[in-house]
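Only one structure is covered here, and it is reproduced in the block below.
Chains as they are written, first to last, in the working numbering: chain F, 3 to 300; chain R, 11 to 440.
This is the structure in structure tokens:
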């Protein structure tokens with residue numbers, strides 16, 4: 003085979019130097035800390051003296067630790083619940099907000115307010131609202147019984163999911179709004195001529211056209227879900243017992259409340275490994291790595 | 011995404027903590043210029059600490075620089091700076107387990123020499139309080155704020171309406187909870203969501219039934235202490251109270267820290283609450299009228315057949331100043347510590363609502379914002395044959411989370427007596 007001496011494609015490619023700032027930044031703030039955590043996970047260190055290597059001690063005790071395994075399952079459960087509830091709700095709101103109805107702009111603006119609030123503030127407010135003696139549950143005893151929402155496993159997980167949905171649905175609705183706006187109107191016009199109603203248009207045009215947006219949104223939700231921390235810290239502190247101790251919170255408990263930085267680092271690494279595996283699977287399954295435009299052939 | 015950023019930040023800090031995080035305060039004036047740095051927990055009480063530093067600096071050649079660290083971050087920041095060149099000379103702590111790791115690392119100065127030169131540094135403080143900063147037989151701290159014993163608070167009106175008087179014995183307390191429950195009132199408010207309020211019930215029942223020695227044995231590493239007969243008796247006594255519905259059923263959804271459980275008592279929906287002496291000012295802030303006329307308080311009831319002295323108390327004994335071994339000016343540090351038993355110190359602490367633990371405090375109790383309450387507390391602490399430091403402060407920091415989990419699960423019925431004994435025996439003790 004003969005090759006052209008100067009391939010045109012290579013000439014227009016940006017040089018390596020362009021990637022340098024980002025690469026250095028990534029190396030310094032992501033890779034170096036990660037490597038240090040990996041080293042720390044083989045030491046015993048309380049933050050006072052020098053770290054001492056203790057071989058695999060942290061890791062063996064971690065695998066014998068029932069709370070560790072439980073925390074991974076709790077994290078996965080909360081993530082799955084978040085995705086399952088947020089996706090349909092935010093698609094519906096986003097598609098609605100992409101339309102041209104009356105009052106749409108005003109209602110959407112109100113709807114996006116939760117996104118502007120800090121997760122910490124949101125958690126504090128919901129805690130007060132859900133107080134069993136003076137909050138909403140005290141008024142709706144037929145629904146909430148004795149109001150022991152945060153004192154039971156099911157209740158605490160439901161509250162964490164609900165608060166997460168309340169806070170982050172606007173972000174995903176925003177993504178879907180943008181996605182829905184980008185769908186060419188001709189598709190709907192053609193479908194209308196063919197006699198397709200609103201519901202049919204939604205399932206046969208809108209949803210398939212939003213495929214890439216769904217992938218993006220789900221990946222954001224999964225990453226957010228796996229690193230859930232602030233809502234747990236404020237709403238449940240991992241309780242009752244260890245029922246809502248997610249992995250990120252367990253790391254915090256070990257490292258920053260117990261000053262066991264070695265075991266804390268090991269927990270952090272487990273979280274990194276689990277999150278990496280999940281994102282690899284997601285990228286593979288969704289075709290994120292070879293994402294194509296949805297307007298091909300038009 | 012806020013949650014993601016928080017977790018990434020936490021992970022970054024985790025590794026950068028070694029080198030980067032170096033606390034607050036002017037590092038530039040550290041070296042050899044005749045200053046000692048005093049690190050304190052940043053809150054409203056800093057007013058008094060600033061005043062004392064000013065007094066001290068007027069006469070002393072070596073000047074004190076006060077560095078404050080906002081409350082919630084204090085222990086973390088202290089842990090990261092204490093073994094660096096930016097370590098303070100004198101620092102605030104909670105005695106007991108909070109300084110034990112530093113003592114083990116050989117960082118702290120035993121105060122024996124200071125006390126030999128000025129016995130007042132020991133004798134002018136209530137012994138039960140002073141002793142909670144003694145580690146391995148050596149004193150490491152001088153009390154520097156107010157004591158916070160745990161008391162049994164009650165709503166006077168609710169008790170009167172039910173024809174009850176404040177209980178002096180455990181049996182009276184149990185009888186009172188039955189009478190209140192029959193009237194549809196939650197007998198005892200509990201902020202179980204915070205976990206540490208639940209722990210207070212264990213601290214008192216173990217103290218009353220087994221005496222302070224059992225916990226001391228356990229803390230010294232004798233794991234069998236938790237499985238002893240007295241330990242089982244304390245647990246079954248407590249379990250009976252929980253199962254009788256004395257705390258209601260939704261206590262784990264209630265917190266003290268967000269005002270949930272104090273509101274129950276103030277509004278008459280619950281009768282009792284076991285809490286540290288700061289409860290009075292909590293109620294004063296949230297429900298001033300109730301604090302003034304409706305809030306009653308007693309010591310914890312005696313338990314029949316128990317080995318513990320009914321006059322013993324548990325709680326936070328006091329805060330302490332400890333001195334680092336490598337300070338360049340130990341004489342100046344000693345001179346500064348002497349101010350902690352001065353009349354000015356006692357008056358200033360009383361004025362902001364703290365109850366200092368000097369022997370001279372009794373002379374100034376009338377200056378307190380609420381003299382009757384201060385007197386009752388002071389008498390209680392002074393008469394106490396022992397003052398058990400809160401368990402989660404007595405154990406090293408790594409024991410705190412598993413301990414809180416165990417007490418919560420025991421109250422929830424998720425673990426039984428054997429499960430609790432197993433969890434407590436597994437706590438790290440050194």
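No residue lacks a Cβ here, since even glycine has one placed at the ideal position from N, Cα and C. Since the model is a prediction, treat every value here as computed from it, not as a measurement.
Output, in chain order, the set of chain F residues within a Cβ distance shorter than 8 Å of residue 92 of chain R.
50
Residues that residue 295 of chain R contacts on chain F, provided the C-beta gap is smaller than 8 Å:
Ordered by position in chain F, no residue passes the 8 Å Cβ test against residue 295 of chain R, which lies about 16 Å from the chain.
Along the region 272-284 of chain R, what residues have a CB closer than 7 Å to any CB found in chain F?
273, 274 and 279
Using CA atoms only, rank isn't needed, just tell me which of R:228, R:63, R:159 and R:140 is closest to residue 443 of chain R.
A query on residue 443 of chain R cannot be resolved here, the shown segment of chain R reaching from 11 to 440 and no further.
Select from the region 409-426 of chain R all residues with a C-beta closer than 9 Å to any C-beta belonging to chain F, and list them in chain order.
409, 410, 411, 412, 414, 415, 416, 418, 419, 422, 424 and 425
As an exercise, report each continuous beta strand (DSSP E) stretch of at least 3 residues that is fully enclosed by the region 23-78 of chain F, in chain order.
none
Quick check: what's the CA-CA separation for residue 317 of chain R versus residue 180 of chain R?
14 Å
8 Å Cβ cut-off: residues of chain F touching residue 163 of chain R:
Simply none; closest approach about 17 Å.
What's the call for residue 57 of chain F, buried or exposed, on a 16-neighbour Cβ count within 10 Å?
exposed
So which of R:314, R:247 and R:412 has the shortest CA-CA distance to residue 427 of chain R?
R:247
Under 7 Å, CB to CB, which of the residues in the region 157-169 of chain F have a partner in chain R?
none
Which residues in chain R sit within 9 Å of residue 101 of chain F, going by Cβ to Cβ distance?
By Cβ distance, chain R contributes nothing, its closest Cβ being about 27 Å from residue 101 of chain F, past 9 Å.
Whose C-alpha, out of F:47, F:110, F:91 and F:51, is nearest the C-alpha of residue 115 of chain R?
F:51
Please list the terminal residues of the continuous beta strand (DSSP E) segment that includes residue 285 of chain R.
280-286
Run through the DSSP bridge pairs and tell me what residue 323 of chain R is partnered with.
R:397
Of the residues that make up the region 257-270 of chain R, which ones have a beta carbon closer than 8 Å to any beta carbon in chain F?
258, 259, 260, 261, 262, 263, 264, 265, 268 and 270
List in chain order: all unbroken beta strand (DSSP E) runs of 3+ residues lying wholly within the region 104-147 of chain R.
none
DSSP puts residue 148 of chain F in a beta bridge; with which residues?
DSSP lists no partner for residue 148 of chain F.
For the alpha helix (DSSP H) that contains residue 220 of chain R, what are its first and last residues?
206-220
Own chain, CB closer than 6 Å to residue 369 of chain R, minus 5 neighbours either side, in chain order:
134
Within chain F, the residues that residue 115 of chain R reaches when beta carbons sit closer than 8 Å:
50 and 51
Cβ contact check for the region 182-194 of chain R and the region 379-397 of chain R: 3 or more pairs under 8 Å
no
For a contact meaning CB atoms closer than 9 Å, what does residue 202 of chain F contact in chain R?
What residue 202 of chain F touches in chain R: nothing, since even the nearest Cβ is about 35 Å away.
So, at 6 Å on beta carbons, what are the nonlocal neighbours of residue 333 of chain R in its own chain, with the 5 sequence-adjacent residues on each side left out?
100, 119 and 343
Alpha-carbon spacing of residue 73 of chain F relative to residue 287 of chain F, whole angstroms
25 Å
Would you report the Cα separation of residue 374 of chain R and residue 156 of chain R, rounded to the nearest angstrom?
14 Å
Cβ-heavy atom distance, residue 204 of chain R to the ligand FAD, below 7 Å:
Annotation note on the ligand FAD: not contained in the displayed structure, which lists no ligands.
Would you mind reading off the limits of the alpha helix (DSSP H) that contains residue 158 of chain R?
Counting along the chain, residue 158 of chain R falls outside any alpha helix (DSSP H), though it belongs to the beta strand (DSSP E) covering 158-165.
Please specify which runs of the alpha helix (DSSP H), each continuous and at least 4 residues long, are wholly inside the region 186-235 of chain F, giving them in chain order.
187-195, 200-203 and 213-228
According to DSSP, is residue 47 of chain R helix, strand or coil?
strand
What does the Cβ neighbour count give for residue 147 of chain R, buried or exposed, with the cut at 16 atoms within 10 Å?
exposed
Measure the alpha-carbon distance for residue 320 of chain R versus residue 425 of chain R and round it to whole angstroms.
29 Å
Along the region 139-155 of chain F, where does the CB come closer than 7 Å to a CB of chain C? Name the residues.
Looking at the structure shown, chain C is missing, and the protein chains on hand are F and R.
Our contact map puts residue 102 of chain R next to residue 50 of chain R with C-beta atoms below 8 Å; I'd like the distance itself, whole angstroms only.
4 Å
Among the candidates F:115, F:184 and F:232, whose CA atom is the shortest distance from the CA of residue 122 of chain F?
F:232
From R:93, R:60, R:70 and R:250, pick the residue whose C-alpha is nearest to that of residue 358 of chain R; which is it?
R:60
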